[in-house]
Each structure stands twice: as C-alpha cells, then as structure tokens.
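See structure below.
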Amino acid sequence: MVMASGGARAVAPVLRMRTPPVLMYHSISPSRMPDPHRVRVHPGRLEEHLRLIRRLGLRGVGMAELLRAREVGAGDRLIGLTFDDGYADFAEYAAPLLARFGMTATVYVLPGSFGGTNEWDAGPRLPLMDADQVRAVAAAGHEVGSHSASHARLAGADAHRLTAEITDSRQALQDLLQQPVPGFCYPYGSFDDAAMEAVRGAGYDYACVTGNYRPGGRFALPRCYVSPADRVPHLLARGVRHHVRQLAAGRSQPTTGGQSAGS
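Count along the sequence shown from 1, add 69, and you get the number used in the working numbering.
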C-alpha cells in the first residue's frame with residue numbers, strides 16, 4: 070500500500086508542529102534471520118522513509134540539533150531520527166543512506182559493549198559498533214548519545230548503579246570522542262524520577278524515552294517506535310498519532326509505559 074504524493078502533502082502541516090515527531094529505529098539490516106523483538110528494519114524500507122521525509126519538505130536530524138532549533142522557533146521543518154543500541158549495521162547501511170538524503174541522526178550506544186553483541190536480548194546475536202566505528206559515525210556528523218553502559222533497566226536502580234550506567238557511560242563516550250555528549254536514552258524505556266535526576270545531574274542536556282507521555286520535559290522526551298513492517302502510510306499515521314497524543318498530553322495527566330521490547 071502506497072499513499073499518493075497528494076496524500077502525503079496533506080499530512081505535511083500536521084508533521085510540521087511545535088513538538089515534531091522523533092522516529093525511533095534500532096537495527097538497519099537486510100538479514101533474513103529471525104527478528105523476535107522487531108528491531109530490524111530493511112535498508113530499502115529506511116530509504117522509503119527518508120524519501121517520504123524529503124518529499125514532505127522535512128529534514129531528518131539528530132536530537133541535539135532538533136532541540137536547538139526548537140529553542141529558537143526554527144524546528145517546524147525538522148524531524149528527529151534516532152537509532153538505539155549502536156548496531157554495527159548503522160555504520161554499514163543507515164549512515165550511507167542518511168548521507169545520500171542530506172540527513173543526520175542520533176545513535177545511542179553502549180560504551181560497555183563496543184565491538185560486542187546485544188547480550189541483553191534472548192534471541193539472535195547482532196554485532197555492535199566498535200570504538201573506531203563510533204568515532205567515524207561522529208566524524209560524519211551524527212550525534213552519539215549514551216544508551217547506558219550495559220543496557221540496564223534503570224527504574225528502581227540504586228544510586229551506585231545509576232552512576233555506573235548514566236554518569237560513567239557519558240564520561241567514557243566523552244573520553245572516546247573528545248567532545249560533549251548531550252543525550253541519553255533509557256534502555257527499554259525504563260526510568261523513574263531517580264533516573265531522571267541522575268541524568269540531569271550527570272550533565273546531559275536531554276533524555277529520550279520509548280513512547281512514554283508522562284510529564285518530564287527534556288528528560289523524558291517521547292519518540293515514535295518504527296517497526297520492520299512500517300511503510301509510508303504507517304509512518305504518516307504514526308506522525309498524526311504523535312500530534313494527537315501531544316495535544317492530549319497538554320490537556321490531561323499522562324501515564325507511563327514502554328513500547329518496544331528491544332529498545
């Protein structure tokens with residue numbers, strides 16, 4: 070099912086909103102291995118998405134750039150692109166596609182797992198970027214953020230664990246990249262007030278969640294999960310749903326919740 074270009078244009082004003090949607094990807098790979106956690110989007114599907122974004126007159130950027138633009142009222146033609154877990158296929162498949170479309174993204178990595186695999190998942194093992202690949206991604210203009218040190222669930226974690234996963238992971242990335250690391254992403258979307266305060270105290274500028282719409286400001290920013298099956302109409306629908314949820318969040322007391330098991 071493909072939506073006509075006229076239909077896409079009709080949705081464009083909704084996507085150009087004060088709080089634009091932020092898309093949440095994970096692995097970008099043509100692999101046919103089982104994907105029980107629904108984290109692997111085919112590169113051809115990502116290309117469809119990027120082509121749609123450009124056709125709508127939007128440009129995909131990383132979170133830090135999106136937030137800076139919003140602060141000065143210049144974010145209405147931007148959309149956030151994020152990739153969780155730091156899979157090696159980001160460097161192989163996603164980065165070249167983003168470059169072709171003149172877009173950038175934020176990739177959230179785990180400095181305690183460079184060159185390893187997704188040990189936190191009970192399923193197929195996928196390689197993660199090593200330190201050299203992370204440096205190369207940053208040099209290409211993509212934002213690198215922390216996804217904790219070990220992909221731990223942070224809700225209910227004690228102060229020592231929060232320091233190790235949040236503060237120490239930021240320091241490790243800054244040592245690697247020799248530049249500030251402004252962003253954090255809660256693994257599994259698991260967080261509480263203590264985790265948010267730890268992120269703030271560690272010096273991050275913002276933090277992302279996985280579809281939560283509870284009040285949290287810059288330290289609980291919502292995103293739209295992108296599934297492997299999402300084509301152009303699905304992506305447009307997610308953007309409209311995001312807009313509706315944002316309006317509802319401004320009128321009522323939201324609730325917490327997670328979305329993607331593999332985040």
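Cβ coordinates follow ideal geometry from the N, Cα and C atoms, glycine included. The model shown is predicted, which means the values in this text are computed figures rather than measured ones.
C-beta contact flag for residue i and residue j at 8 Å
| i | j | result |
| --- | --- | --- |
| F260 | L316 | no |
| G192 | P105 | yes |
| G258 | T175 | no |
| V206 | V250 | no |
| A221 | P256 | yes |
Collapsed DSSP secondary structure at residue i in the structure displayed
| i | result |
| --- | --- |
| A276 | strand |
| A164 | helix |
| T186 | strand |
| L121 | helix |
| T173 | coil |
| D154 | coil |
| F253 | strand |
| G144 | coil |
| V198 | According to the sequence displayed, residue 198 carries Met and not Val. If DSSP states are grouped into helix, strand and coil, M198 belongs with coil. |
| V309 | helix |
Assumed close pair residue i, residue j - CB separation to whole angstroms, cut-off 8 Å
| i | j | result |
| --- | --- | --- |
| A263 | A276 | Going by Cβ atoms, the distance from A263 to A276 rounds to 13 Å, so no, they are not a contact pair. |
| D153 | C254 | 6 Å |
| L242 | P180 | 5 Å |
| I97 | D190 | Not a contact, Cβ separation roughly 16 Å. |
| R239 | S215 | 5 Å |
| R287 | M93 | 17 Å between Cβ atoms; not a contact. |
Exposure of residue i, with buried meaning 16 or more beta-carbon neighbours within 10 Å
| i | result |
| --- | --- |
| Q247 | exposed |
| E234 | buried |
| P103 | exposed |
| R169 | exposed |
| R101 | exposed |
| G149 | buried |
| D299 | buried |
| V309 | exposed |
| H211 | buried |
| H229 | exposed |
| P226 | For the sequence presented, residue 226 should be read as Ala rather than Pro. Answer is buried; the Cβ neighbour count reaches 16. |
For this session: Determine, using beta-carbon pairs with one atom in the segment 99–114 and one in the segment 131–150, whether at least three such pairs fall under 8 Å.
Result: Segments in contact, no.
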